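Worksheet for the structure shown next.
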Amino acid sequence: MYKYEWILCPVCGNKTRVKIRFDTVLENFPLFCPKCKQETLINVKQLKVSVIKEPDAMTQSR
């Protein structure tokens, strides 16, 4: 029997609309939270969710 879990939003902590199993692997997955309206990039491996920190855009200087 497989164990399912809801992915929780890393910003507000509420459930999202995505379920994962123990053998689910996601890389660079854009997770959208319907409550806080935030989208974050995540990696998932063996029910462990890690948030990908994107570097802020730097302005071009001439």
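Under full-length UniProt numbering, the sequence shown has 22 at position 22, and the numbering climbs by one with no breaks. Even glycine gets a Cβ: it sits at the ideal position worked out from N, Cα and C. Quick caveat, the model's predicted, so the values are computed rather than measured.
Excluding sequence positions up to five away, which residues of its chain have a Cβ less than 7 Å from the Cβ of V49?
I7, I42
List the whole-angstrom C-beta distance separating F29 from E39, where the pair is believed to meet the contact cut-off of C-beta under 8 Å.
That belief does not hold up - the Cβ atoms of F29 and E39 are roughly 10 Å apart, past 8 Å.
Of all the options E5, E54, K53, V51, which has the alpha carbon lying nearest to the alpha carbon of I20?
E5
Indicate the three-state DSSP secondary structure (helix, strand or coil) for F29 in the structure shown.
strand
What's the C-alpha gap between L26 and N14?
19 Å
Pull up the DSSP beta-bridge partners for V51, would you.
I42
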